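Asks: In this note's numbering, the protein residues as written are 41 to 438.
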């Protein structure tokens, strides 16, 4: 607790007086309250986005670096909360302003990368994938085909200690920082997750001539239309929902397009643009009018796609795909986070298909299908729950 109070006081010297300063000093959980304080988060985010930020003399970068070095888990979460915006601004500047010093940003990123390297001991992360050519223990009768040899797959490469950011190691260091964020994403505020979705989409489409065709390209991630359904004669059923098609193993016909993300509608400003559906969003937010996370604006939807193309190595994309999977499937996720993650997955799929990146192509395609399937799962569970209530009411009356 003493460390947290000391870092809060140090932050006041960097940001100046802020509204919640006294409340944080009197809090019984200062680190947790600092993590959840939206006013502080807004102030820090604005400082990171300032053109003069990121230099060696940047006091905010020094505060982030020193705070993470306290080894206090609660305070380290506060620093990790700003990893998406820190990586986003850093990648944008190294792409567009090659001669601008960013040693302040780089010091924080190297510190985070070093922590991940130390936690892993520099070793890669491996998983065993079973050989599907061998019968499992649940097959009847069991067949003996010799000793099954599991296939070992690497999901994160080995990490070597780094003391500075070089052009050849930049993607690895940024990926290491994003890995740390991904590990603790369940503890992150909603705004941090939305920041990640925002920058993932921005990185994917920035400087790309096809940025207005993301929706069209993303449709190719869905299953191919069948020639004739063996289960149901053609014409007997109206267009099934996307989730139903995925659940029963049917493919979508050309007319069955994925639904618009919840609380968003296509914009008249042009293809690939989205606006907030004010009526839908207001109905959703009515019981949560005091929840600042829920009224986060999708200001990044209007962000220009002009500029230099951002280099996206697989080292950066791996943790992003993991984080987007959490945003799509976590029980505590909100419709706004799910919508932002879906849009980011669509953009990453378009980028991977244009850049011919097989690993990224498969991962982003899986996220798109996962998003569609999870939407059906939620609506189905709601319908089942409503049906159960109706049955109970009928039985009670009888």
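Beta carbons: idealized from backbone N, C-alpha and C, even for Gly.
Please read all numbers here as calculations on a predicted model, not as lab measurements.
Classify residue 163 as buried or exposed, calling it buried when 16 or more other Cβ atoms lie within 10 Å of its own Cβ.
Replies: Numbered from 1 along the chain shown, position 123 holds the residue referred to as residue 163. Classification of residue 163: exposed, given that the 10 Å Cβ count is below 16.
Asks: Taking the alpha-carbon of residue 354 as reference, which of 235, 410, 219 has the nearest alpha-carbon?
Replies: As a working mapping, residue 354 is identified with position 314 in the chain shown. For residue 354, the nearest C-alpha among the options comes from 219.
Asks: Who pairs with residue 143 in a beta bridge, going by DSSP?
Replies: Taking the first residue of the chain shown as 1, we reach residue 143 at position 103. In the DSSP output, where bridge partners are listed per residue, residue 143 has none listed.
Asks: Rounded to whole angstroms, what's the CA-CA distance from residue 364 to residue 206? Just pull it up for me.
Replies: By one-based count along the chain shown, residue 364 stands at place 324. By one-based count along the chain shown, residue 206 stands at place 166. C-alpha separation (whole angstroms): 27 Å.
Asks: If you run the structure through DSSP and keep just helix, strand and coil, what is residue 196?
Replies: Numbered from its first residue, the chain shown carries residue 196 at position 156. In the structure shown, residue 196 sits in a strand (DSSP, three-state: E or B).
Asks: Label residue 137 either buried or exposed according to how many other C-beta atoms from any shown protein chain fall within 10 Å of its C-beta, with 16 as the threshold for buried.
Replies: Here residue 137 is taken as the residue at index 97 of the chain shown, counted from 1. So residue 137 counts as exposed.
Asks: May I have the straight-line CA-CA distance separating residue 102 from residue 235, to the nearest angstrom?
Replies: Numbered from its first residue, the chain shown carries residue 102 at position 62. Numbered from its first residue, the chain shown carries residue 235 at position 195. Taking the straight line from one Cα to the other gives about 22 Å.
Asks: Quick check: what's the CA-CA separation for residue 110 versus residue 208?
Replies: Translated into the one-based positions of the chain shown, residue 110 becomes position 70. Translated into the one-based positions of the chain shown, residue 208 becomes position 168. If I take the Cα positions, the gap works out to 30 Å.
Asks: Terminal residues of the continuous alpha helix (DSSP H) containing residue 369?
Replies: As a first step, residue 369 must be located in the chain shown, where it is residue number 329. Taken as a continuous stretch (DSSP letters only), the alpha helix (DSSP H) holding residue 369 covers 354-369.
Asks: Give the secondary structure of residue 228 by DSSP, where H, G and I count as helix, E and B as strand, and everything else as coil.
Replies: Residue numbering aside, residue 228 sits at position 188 when the chain shown is read from its first letter. DSSP places residue 228 in coil when its eight states are reduced to three.
Asks: With H, G and I counted as helix, E and B as strand and the rest as coil, what does DSSP make of residue 166?
Replies: Along the chain shown, read from residue 1 onward, the residue named residue 166 stands at position 126. Residue state, collapsed to three classes: strand.
Asks: Among 249, 108, 405, 44, whose alpha-carbon lies nearest the alpha-carbon of residue 65?
Replies: Translated into positions along the chain shown, residue 65 becomes position 25. With distances taken between Cα atoms, residue 65 lies closest to 44.
Asks: Please report the straight-line C-alpha distance between residue 113 and residue 247, rounded to a whole angstrom.
Replies: Locating residue 113 in the chain shown gives position 73, counting from the first residue. Locating residue 247 in the chain shown gives position 207, counting from the first residue. Residue 113 and residue 247: Cα-Cα distance of roughly 38 Å.
Asks: Does the Cβ of residue 260 have 16 or more other Cβ atoms within 10 Å, making it buried, or fewer, making it exposed?
Replies: Taking the first residue of the chain shown as 1, we reach residue 260 at position 220. Exposed, by the Cβ-count rule.
Asks: Please name the residue or residues paired with residue 191 in a DSSP beta bridge.
Replies: Locating residue 191 in the chain shown gives position 151, where the first residue counts as 1. DSSP, once it has assigned bridges, lists 169 as partnering residue 191.
Asks: Does the separation of the CB atoms of residue 74 and residue 118 fall below 7 Å?
Replies: The count along the chain shown starts at 1 and reaches residue 74 at position 34. The count along the chain shown starts at 1 and reaches residue 118 at position 78. Result yes, Cβ atoms of residue 74 and residue 118 sit closer than 7 Å.
Asks: Can you round the beta-carbon distance between residue 144 and residue 215 to whole angstroms, since I take them to be within the 8 Å contact cut?
Replies: Along the chain shown, read from residue 1 onward, the residue named residue 144 stands at position 104. Along the chain shown, read from residue 1 onward, the residue named residue 215 stands at position 175. That pair is no contact at about 20 Å.
Asks: Just the Cα atoms here: how many angstroms apart are residue 406 and residue 237?
Replies: Numbered from 1 along the chain shown, position 366 holds the residue referred to as residue 406. Numbered from 1 along the chain shown, position 197 holds the residue referred to as residue 237. If you take the alpha carbons of residue 406 and residue 237, they lie about 16 Å apart.
Asks: Pick out whichever of 410, 210, 399 has its Cα sitting closest to the Cα of residue 351.
Replies: Looking up residue 351 in the chain shown gives position 311. Taking only the C-alpha atoms, the option nearest residue 351 is 210.
Asks: Confirm the yes/no value for this check: CB of residue 79, any heavy atom of the ligand HEM, distance under 6 Å.
Replies: Because no ligand of any kind appears in the structure shown, any question about the ligand HEM cannot be addressed here.
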